[in-house]
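Following my numbering from start to finish, the sequence shown increments by one per residue and tops out at 521.
Every residue, glycine too, gets a C-beta built ideally from N, C-alpha and C.
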Amino acid sequence: MSPIFWLISGTTLIRLAFAATTGLGVDESYMVTAGRVLSLGYFDHPPASWWLSWGAAHLLGTEAPWAVRLPFILLFAISQLLIWRITCLVADRRAAFWAVAALNLSPVFGVTTGTWVLPDGPLDAALLGATFCLLHALPARERSSEVDPASGANRFLNHSDGFHLKLSCPNGRRALGWWAAAGLCAGLALFSKYSAVLTIAGALLYLLVSRRHRHWLARPAPYVAAVIALAVFSPVLIWNATHAWASFAFQGDRAAGLRFRPFMPIQTLAGEALFVLPWVWGPMLILFAGGFRREATWPRQLLVWLAAPPIVVFALISAWSSQRVLYHWAAPGYLMLFPMLGDAIARRLNRPWIRGLLAGSATLMLLSLVVIATQIQFDWLGGSLAAIMRTDPTAEGLDWTSVRDDLTKRGLLPPGTLVAALNWRDAGKIGYGLGPDTKILCLNQDSRQFGFADPPSAFTGQDVLLLSLGPAEQATRWFHSVQALPGTSVRLDGRVLRTVTVLRGQGLLLPP
C-alpha cells in the first residue's frame, strides 16, 4: 500500500490510544458537559464541535474520552488526506508525504487539533476542503498551457520553477460544481469557528489581486458559493438573533481594547512558533514571504493569501486587545503553508540535518505523548511536577471521577441531585466527572454556555450541592442558607491533586 496510507493509519491509531489513556482537558470537559443540551447555537463557538461530541456520545452510548474525541481524530485523518491531495496537485507525491508528516509533527495540529474536543478539528478539515475545491475551480485556459487535442482541456499548467498544477481546466458546469463545493466547505468552516471568516477573506483578497483569476469576480460562481456558505451558517445567525447576539458580542469583545502594546505582536508570533514548532515555523515564514513574489506560481500565491489574514490579523489585534490573544487562533493560517513546506523538505531530504531534525521531532512527539499518557495512568512522576510548576497539571488531564465516587458513597448524589460550581472551568471538569445523569449549574456572571443550557433562574428555590475548588464565601449570596459538609478531593492513586469544598445550598436565589 501507499506510504501515505500507513502514515495516516499509524498516526490515527496513536491518537486513538492517546485519547483512550488521557482524560479530557478543561476546555474539552466544558464543551462536553455544557453541550449535553443540544442547541441550534452556542455561546462560545458555532455548533459543529458541540454537535460532534454530543452525537458521538449518544451514538456510542458513552462519554468516555475516546468516544467524544473519535469524530475529531477521524476529521484529522481527513485533514491529512486533504493536505496530501492539495500538495499532490501543486507539487508531487513525495512532497505530499512530507507535508503530511510535518503536519503530524506540529503540536498544535498533531496533538490538540488532531485529538481534542475543540472547534479546530472541524474547522481545519472544512478549510482544507474549501482550498482543495478552489484549486479545481480556479484554473482557466491559458495560451501557454498544453492542451489535450481530444478534449480541449488543459492537462498541465507548467511554471518556470518546476512547480506545476496537475489539473484539467473545468468547463463552466464543472467549475460551478467546484465553486459550490467550495462554498459548502466554507460554510462548514464558519459553522465550526468564527475565525474561518479570515481565511475566506484571504480567498477574496487573492481574487482581487490576481490578474489570472480576477475575472471570476464578474461571474456568478463565487456568489453562488457565498450564498451556499451563508445558508450553511444561517442556524448560527438565527440563534444569535434570538439570544441578543450573545456569541458575536463575546467573540467580538476579544478584539476590543484601548491600550497599545507595540511589542505584543512579537510575543504572539513567538508563542505561535512554539505551538507550531520553531523549526517548522521558521521555514514556513520564509516560504510565506516568498509566495507573494510576482514570479511565484498561482497555487503558491493562493495558499499564502489564504494564510495571511489569520497570521497577520491576530498578531495585530494583540497590540491593542484588552484580552490575551491565544496562540492557536492563527493556526489555520499556518495550516495553508504545509504544502509548500512539504515541497521544501522533499527537495532537501539529501541533507543529513534535515533527516535528523525530522527524526528528532518524531521522537520528541512520541515521547511526550507517552509521558503524558503514562503519568495520567500510573502517576509515576508523583508530585514532582508541582515542585516545578505553580500547580500540578496532572489534574487537568485527569477526569475527576474520584469526586463522583466519593460523593456517591456518602449518599450525596441521589437521582435528581442538582450540582453547582462557581466558575465555568470547574463546572466543566466537575460536571464531566460526575457524569451525564447529574445536572450542573454555573453560579457566576460569566457562566458561558452553562448560562444558556441550564440557567440558574430556572431552578430558583431548589436545594443545590455546591462544589468549589477555591474560597466559597461568595456562595452565600446565592442561597437562603448554606450548610458546610465534609470536603472531598480529586485523587490519582491515593494522591490528592485538588481539594474540593462541599456545601449544601438551601433555596437557590435569583442570580445576584
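7 Å CB neighbourhood of residue i in its chain, flanking five on each side removed
| i | result |
| --- | --- |
| residue 271 | 328 |
| residue 184 | 146, 230 |
| residue 288 | 366 |
| residue 299 | 305 |
| residue 326 | 264, 334 |
| residue 394 | 401, 402, 403 |
| residue 544 | Because residue 544 is not part of the residues shown, which for the chain are 10 to 521, the question remains open. |
| residue 390 | 384 |
| residue 124 | 24, 27, 28, 78, 81, 82 |
| residue 200 | 55, 56, 57, 241, 242, 245 |
| residue 523 | Missing from the structure shown is residue 523; the chain here goes from 10 to 521 and no further. |
Nearest to residue i (by Cα), restricted to the options the options
| i | options | result |
| --- | --- | --- |
| residue 46 | 222, 449, 499, 491 | 449 |
| residue 117 | 274, 69, 315, 340 | 340 |
| residue 440 | 466, 467, 411 | 411 |
| residue 64 | 236, 291, 40 | 40 |
| residue 139 | 357, 293, 210 | 210 |
| residue 263 | 228, 331, 369, 282 | 331 |
| residue 452 | 202, 148, 259, 519 | 519 |
| residue 132 | 98, 107, 95, 56 | 56 |
| residue 257 | 106, 461, 54 | 54 |
| residue 15 | 97, 106, 66 | 106 |
| residue 502 | 383, 433, 496 | 383 |
| residue 130 | 459, 291, 58, 144 | 58 |
| residue 207 | 516, 259, 396, 313 | 313 |
| residue 255 | 498, 494, 42, 51 | 51 |
| residue 481 | 372, 222, 494 | 494 |
| residue 430 | 418, 423, 443, 419 | 443 |
| residue 338 | 37, 203, 35 | 203 |
| residue 321 | 186, 278, 143 | 278 |
| residue 318 | 413, 250, 212, 196 | 212 |
| residue 414 | 377, 195, 399, 498 | 498 |
Local Cβ density within 10 Å of residue i, reported as buried at 16 or more and exposed below that
| i | result |
| --- | --- |
| residue 446 | exposed |
| residue 489 | exposed |
| residue 77 | buried |
| residue 333 | exposed |
| residue 492 | exposed |
| residue 425 | exposed |
| residue 500 | buried |
| residue 428 | buried |
| residue 433 | buried |
| residue 218 | exposed |
| residue 150 | A caution first: residue 150 carries a pLDDT of 41, below 50, which makes its placement in the model unreliable, though a value can still be read off. With fewer than 16 Cβ atoms within 10 Å of its Cβ, residue 150 is classed as exposed. |
| residue 362 | exposed |
| residue 3 | Since the first residue shown for the chain is 10 and the last is 521, residue 3 is missing from the structure and cannot be characterised. |
| residue 374 | buried |
| residue 269 | exposed |
| residue 407 | buried |
| residue 436 | buried |
| residue 285 | buried |
| residue 232 | exposed |
Residues near residue i by beta carbon distance below 8 Å, same chain, minus five either side
| i | result |
| --- | --- |
| residue 103 | 355 |
| residue 496 | 508, 509, 510, 511 |
| residue 172 | At residue 172, the pLDDT of 42 sits below 50, so the modelled position is not reliable and the matter cannot be decided from this model. |
| residue 12 | 106 |
| residue 10 | none |
Residues near residue i in its chain [Cβ-Cβ closer than 6 Å; skip 5 each side]
| i | result |
| --- | --- |
| residue 112 | 92, 118, 347 |
| residue 192 | 234, 237, 238 |
| residue 137 | 88, 91 |
| residue 17 | 86, 89 |
| residue 7 | As shown, the chain starts at 10 and ends at 521. That puts residue 7 outside it, with no answer to give. |
| residue 75 | 28, 29 |
| residue 514 | 473, 475, 488, 491 |
| residue 43 | 458, 459, 462 |
| residue 467 | none |
| residue 7 | This structure cannot speak to residue 7, because the chain is shown only from 10 to 521. |
| residue 198 | 132, 135, 136, 205 |
| residue 159 | Since pLDDT at residue 159 reaches only 39, below the 50 mark, its modelled position is unreliable, and the value read off the structure follows with that caveat. Same-chain partners within the cutoff: there are none. |
| residue 96 | 104, 105, 108, 348, 351 |
Strand pairing of residue i, partner residues [DSSP]
| i | result |
| --- | --- |
| residue 513 | 474, 492 |
| residue 451 | 430 |
| residue 508 | 498 |
Min CB distance residue i to chain B below 8 Å
| i | result |
| --- | --- |
| residue 234 | Although the question refers to chain B, the structure presented lacks it and comprises just one protein chain. |
Open item on the list: Measuring CB atoms only, is the segment 400–420 touching the segment 39–55, in the sense that at least three cross pairs come out at less than 8 Å?
Closed with: no
- [ ] Report yes or no: do the segment 263–279 and the segment 61–72 share at least 3 C-beta pairs separated by less than 8 Å?
- [x] no
- [ ] Assess, as a yes-or-no matter, whether the segment 22–30 is touched by the segment 82–96 under the definition of 3 or more beta carbon pairs within less than 8 Å.
- [x] yes
Open item on the list: I'd like to know if the segment 504–512 and the segment 476–485 are in contact, where contact means that at least 3 CB-CB pairs between them fall below 8 Å.
Closed with: yes
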